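So the sequence shown is numbered by this note's numbering: it starts at 244 and just counts up by one. Here a beta-carbon is modelled for each residue, glycine too, at the ideal position from N, C-alpha and C. As the structure is a prediction and not an experimental result, all values here were calculated from the model. Working notes for the structure below.
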Amino acid sequence: MQTGSGVEAEFDVLVIGAGHAGTEAAVAAARLGARVGIVTSALETIGQMSCNPAIGGIAKSTVVREVDAMGGIMGRAADLATLQFRMLNRSKGPAVWAPRAQCDRGLYRRAVRTLLEEHALLSTIQGTVRGLLMEDDGHRVTGVETIEGRRFSARAVVITTGTFLRGRIHIGTGTRIAGGRAGESSSVDLAEQMERAGLEVARFKTGTPPRIDGRSVDYSALEPQASEIEAFDYSWSHFWPTPRRGASGATRHPSQLPNWITYLEGAGKEIIQREIGRSAMYGGAIESRGPRYCPSVEDKVVRFPKAERHQLFLEPEGHDTHELYVNGLSTSLPPEVQLDVMRTVPGLEQVRMTRAGYAIEYDYYPPTQLESSLQVKAVRGLFLAGQVNGTTGYEEAAGQGVMAGLNAALLVQGRAPLVLGRETSYIGVLVDDLVTRGVDEPYRLFTSRSEFRLTVRQDNALRRLAPIVEALGVFSADERRVVAQRLRDEDVAREIAESTSITPAQAAVVLEPAGSAVLAHAVRIAEVAKRQDVTLLSLFAAAGVGGELSPDAVTTAELELKYAGYFQRERVAAEKLRRMGAFALPADAPYDAMRSLSVEARQKLGALRPSTLAQASRVPGVSPTDLQNLVIELTKAGRG
Numbered sequence: 244m245q246t247g248s249g250v251e252a253e254f255d256v257l258v259i260g261a262g263h264a265g266t267e268a269a270v271a272a273a274r275l276g277a278r279v280g281i282v283t284s285a286l287e288t289i290g291q292m293s294c295n296p297a298i299g300g301i302a303k304s305t306v307v308r309e310v311d312a313m314g315g316i317m318g319r320a321a322d323l324a325t326l327q328f329r330m331l332n333r334s335k336g337p338a339v340w341a342p343r344a345q346c347d348r349g350l351y352r353r354a355v356r357t358l359l360e361e362h363a364l365l366s367t368i369q370g371t372v373r374g375l376l377m378e379d380d381g382h383r384v385t386g387v388e389t390i391e392g393r394r395f396s397a398r399a400v401v402i403t404t405g406t407f408l409r410g411r412i413h414i415g416t417g418t419r420i421a422g423g424r425a426g427e428s429s430s431v432d433l434a435e436q437m438e439r440a441g442l443e444v445a446r447f448k449t450g451t452p453p454r455i456d457g458r459s460v461d462y463s464a465l466e467p468q469a470s471e472i473e474a475f476d477y478s479w480s481h482f483w484p485t486p487r488r489g490a491s492g493a494t495r496h497p498s499q500l501p502n503w504i505t506y507l508e509g510a511g512k513e514i515i516q517r518e519i520g521r522s523a524m525y526g527g528a529i530e531s532r533g534p535r536y537c538p539s540v541e542d543k544v545v546r547f548p549k550a551e552r553h554q555l556f557l558e559p560e561g562h563d564t565h566e567l568y569v570n571g572l573s574t575s576l577p578p579e580v581q582l583d584v585m586r587t588v589p590g591l592e593q594v595r596m597t598r599a600g601y602a603i604e605y606d607y608y609p610p611t612q613l614e615s616s617l618q619v620k621a622v623r624g625l626f627l628a629g630q631v632n633g634t635t636g637y638e639e640a641a642g643q644g645v646m647a648g649l650n651a652a653l654l655v656q657g658r659a660p661l662v663l664g665r666e667t668s669y670i671g672v673l674v675d676d677l678v679t680r681g682v683d684e685p686y687r688l689f690t691s692r693s694e695f696r697l698t699v700r701q702d703n704a705l706r707r708l709a710p711i712v713e714a715l716g717v718f719s720a721d722e723r724r725v726v727a728q729r730l731r732d733e734d735v736a737r738e739i740a741e742s743t744s745i746t747p748a749q750a751a752v753v754l755e756p757a758g759s760a761v762l763a764h765a766v767r768i769a770e771v772a773k774r775q776d777v778t779l780l781s782l783f784a785a786a787g788v789g790g791e792l793s794p795d796a797v798t799t800a801e802l803e804l805k806y807a808g809y810f811q812r813e814r815v816a817a818e819k820l821r822r823m824g825a826f827a828l829p830a831d832a833p834y835d836a837m838r839s840l841s842v843e844a845r846q847k848l849g850a851l852r853p854s855t856l857a858q859a860s861r862v863p864g865v866s867p868t869d870l871q872n873l874v875i876e877l878t879k880a881g882r883g
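Okay, here's the thing in structure tokens:
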């Protein structure tokens, strides 16, 4: 399509899709001063939680706080909608704690829309995008056109369509519905245009469990799991003197609800084994790969035949409904089989199913086609973020959305792209893994993917990333003051701990309950804080110091004291990686002519075109010897 007359409005950045990637991309671009339009087929579904209504978890919670530290909205919306909270990994120490917030779907969606509309430069547009407006023989994007015939121009476009590109829903082997989500149409025209443009396309699948009517559940047979909300917030925005209020009018968090635990046992497993040929996945209706670490219940029964039972969590959907999400029972079996299986589960003998589970297949674009900025290499101004890049999870989508939105705005403004190193963030790990290594299954973040998981933690995201985006102009003057105060609190907490002594009598109040040896004489608080099961907050309270400091800031200071030796080793490795990242590789480097490199290295580097030596080091098949020879080749040619 060519641009022409009939353009309804002009934008700097257009975002297609208003899920977790799209909303973050739109806000990020608007924060940099870009005029932004976000186009979605239904404004009512902005911020919709398509699957599990939970934010965070192991590794994912770090991404939520990183998104927040970069001015994003996921953490803010979660805080306003959290109805059930757990701190995972408590037994392993605070350095690897991982918050997880179960959210009220309705409150979360409304919070996201409210946070979007706080930005005057951001416009929401209801419409289904038919295709991109292109120039330069399809090598530059100039806007979008909707199926309603509306045209909008833009200098950059971010596609965040999730599972909607040629999405197809499967329930059993006989029911196939074109759709990107239950009850919503898929996008075919845009998908076909992308394929015609020469982008490599592939298919993945994902699934969702049934929902049930909580009024039909026998709770006396279930194990309750209470919320641990305490004083937790994902977002630093709540440090404001006047806290934000949720949609219910309550400050920060709505009232808390429990989850309920039950189990799929022998009788239910037998039904699944007997009927597995009627599953879309096992009956041959779906051939695409799904997420290995979020398996369907059919996969669990097949892969773990000796397991006596499988744990299920019944999770509330919101305060305005009795509907429960059956976490752990993702399936594409026929609805009648799903109901039969659930009625074998303790507490669900008389259950009523409100929505059947289903599997969905959709298009994604192998992300090695992207630059580190998430711009498509072959089409200037076109960025991709979220599940279209082969990832899974709200948090992974949000992290990509922030990066794509910032870089789209930076491109429009003629500024250099923002690329986060692996040593700076989980978002940096995510993007680097995608563009360097690609995906062969839906990508999910784990702590094991990061080489720097002790120094890249959920508690220190603001210190790691806020200065980077602040330099870009993301924050307002008031926000800069709030961030500076939080970072100052961390510094002051450490200074107090290192300069203040605690007496034996004061310390005994903390040490005796922890089963730790009492002090023989006064000792610096920093030394006592290194003991196991002893917190800096409790020592400050006992000594009567630091009461004015943010508890989160004190916790971060405590971790820096407790694990200083481990952190130092990681930071030395991070500095080495930064130096490698500073060694830029020319985009037109003649790898085929570099005979000192192995054949595999020449082929891989020529295909992927990494932008730095650090990226090249993570390309499969490129050895340390290849890297050394690459530096020599480029240095001799005067290009390193």
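- Query: Would you report the Cα separation of A704 and M646, rounded to the nearest angstrom?
  - Reply: 15 Å
- Who are the near neighbours of T240 in its chain, counting only those whose CB is closer than 6 Å to its CB and skipping five residues on each side? Outside the modelled stretch of the chain, which goes from 244 to 883, sits residue 240, for which no answer is possible.
- Does the beta-carbon distance from S498 to R319 come in below 7 Å? no
- Contacting residues, own chain, Cβ-Cβ under 7 Å from P467 (five flanking each side not counted): P501, W503
- Message: Applying the 10 Å Cβ sphere with the 16-neighbour rule, what's the burial state of H764?
- Response: exposed
- Message: Does the contact criterion of 3 or more C-beta pairs under 8 Å hold for the segment 332–345 versus the segment 365–375?
- Response: no
- Are the Cβ atoms of A523 and A602 separated by less than 7 Å? yes
- Using DSSP with H/G/I as helix, E/B as strand and the rest coil, what is I455? strand
- Task: Could you spell out where the beta strand (DSSP E) holding A389 opens and where it closes?
- Result: The amino acid at residue 389 is misidentified as Ala; the sequence shows Thr. Segment 383–389, the beta strand (DSSP E) holding T389.
- Message: Could you tell me the alpha carbon to alpha carbon distance between P609 and T698, rounded to whole angstroms?
- Response: 30 Å
- Item | Euclidean distance between Cα positions of G492 and I472 | Summary for G492: the model assigns pLDDT 37, below 50, so the residue's position carries little reliability; its value from the coordinates is reported in the next sentence. So the alpha carbons of these two residues sit roughly 18 Å apart.
- Exposed unless 16 or more other CB atoms sit within 10 angstroms - verdict on I259: buried
- Nearest-angstrom Cα separation, counted from T564 out to R356: 21 Å
- Do G600 and R521 come within 7 Å of each other at the CB atom, strictly closer than that value? no
- Below 7 Å CB to CB, which residues in the same chain sit around Y806 once its five sequence neighbours on both sides are set aside? A338, L697
- Decide if G489 is buried, meaning its Cβ has at least 16 other Cβ atoms within 10 Å, or exposed. The predicted position of G489 is uncertain, since its pLDDT is 38 and thus under 50; no value can be drawn from it.
- Query: Taking only runs of the beta strand (DSSP E) that begin and end inside the segment 724–783, which ones reach a length of at least 3 residues, in chain order?
  - Reply: none
- Item | Residue closest to T404, alpha-carbon to alpha-carbon, out of S781, G633, H362, A796 | G633
- Task: Can you grab the Cα-Cα spacing for the pair L688 / E639, in whole Å?
- Result: 7 Å
- Message: On a Cα-Cα basis, can you pick out the residue from R274, V307, H263 that is closest to I289?
- Response: H263
- What are the partner residues of P467, as DSSP defines its beta bridges? W503
- Measure how close the beta-carbons of E508 and R393 come, nearest whole angstrom, since I'm counting them as under 8 Å. So it is not a contact: roughly 54 Å between Cβ atoms.
- What is the rounded straight-line gap between the Cα of H362 and the Cα of G315? 12 Å
- Item | Sub-7 Å separation of L408 and A434 beta-carbons | yes
- Query: DSSP state of R586, grouped into three classes?
  - Reply: coil
- Supposed contact pair P342 and F475 - C-beta distance, whole angstroms, cut 8 Å: 6 Å
- Where DSSP assigns a beta bridge to L567, which residues make up the other side? I455, P559
- Item | Distance between A880 and E427 (C-alpha atoms, nearest Å) | 55 Å
- So is P486 buried or exposed if we call it buried at 16+ other beta carbons inside 10 Å? Only weak support is given to the placement of P486: the predicted model assigns it a pLDDT of 40, under 50, and the question is left unresolved by the model.
- Between the segment 748–764 and the segment 720–731, do at least 3 Cβ pairs fall closer than 8 Å? no
- Query: With 16 as the cutoff for other CB atoms within 10 Å, does K549 come out buried or exposed?
  - Reply: exposed
- Does DSSP put Q701 in a helix, a strand or coil? coil
- Could you pull out every residue in the same chain whose Cβ sits closer than 8 Å to the Cβ of M292, ignoring the five residues on either side in sequence? C346, R348, Y351, R352, Y637
- Item | Beta-carbon proximity list for T246, same chain, < 7 Å, skipping 5 on both sides | Any reading at T246 needs caution, since the residue's pLDDT is 43, under 50, leaving its predicted position unreliable; the model's value is listed next. Counting only Cβ-Cβ distances below 7 Å, and skipping sequence neighbours, we find L376, E378, T385, G386, S396.
- Task: Would you kindly check if the distance between the Cβ of F328 and the Cβ of A302 is under 7 Å?
- Result: no
- Tell whether a beta-carbon distance below 7 Å holds between L967 and T505. Examination of residue 967 is not possible in this model, given that the chain is present from 244 through 883 alone.
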